[in-house]
Amino acid sequence: MTEYIVIAVFILWYIFSLVVSEYIGKKKKIGVEWSFFICMIFSPVVGFFVTKYSPSN
């Protein structure tokens, strides 16, 4: 049962990382790729704040 929880958490982490990088990272200088990388390494919440407060294009 715990394997399913780990898989579900990973899938949600991945989806939230994609959402942050596509909707916010696209408009920022940090870009989609770096925004996604930061979200996947740290967390989507940290990635959101880093991307949100990075300079705009």
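Residue 51 is where the sequence shown ends in our numbering, and the numbering goes up by one at each step. The beta carbon of each residue, even a glycine, is placed where N, CA and C say it ideally should be.
- The continuous alpha helix (DSSP H) containing G25 extends over residues 25 to 35.
- Listed as beta-bridge partners of K22 by DSSP are S50.
- Remark: C-beta atoms of V14 and P49 do not approach each other more closely than 8 angstroms.
- Residues of the same chain with a CB within less than 6 angstroms of the CB of M34, apart from the 5 flanking positions on each side, are S11 in chain order.
- The way I'd put it, the region 18 to 28 doesn't touch the region -1 to 8; fewer than three beta-carbon pairs between them come closer than 8 angstroms.
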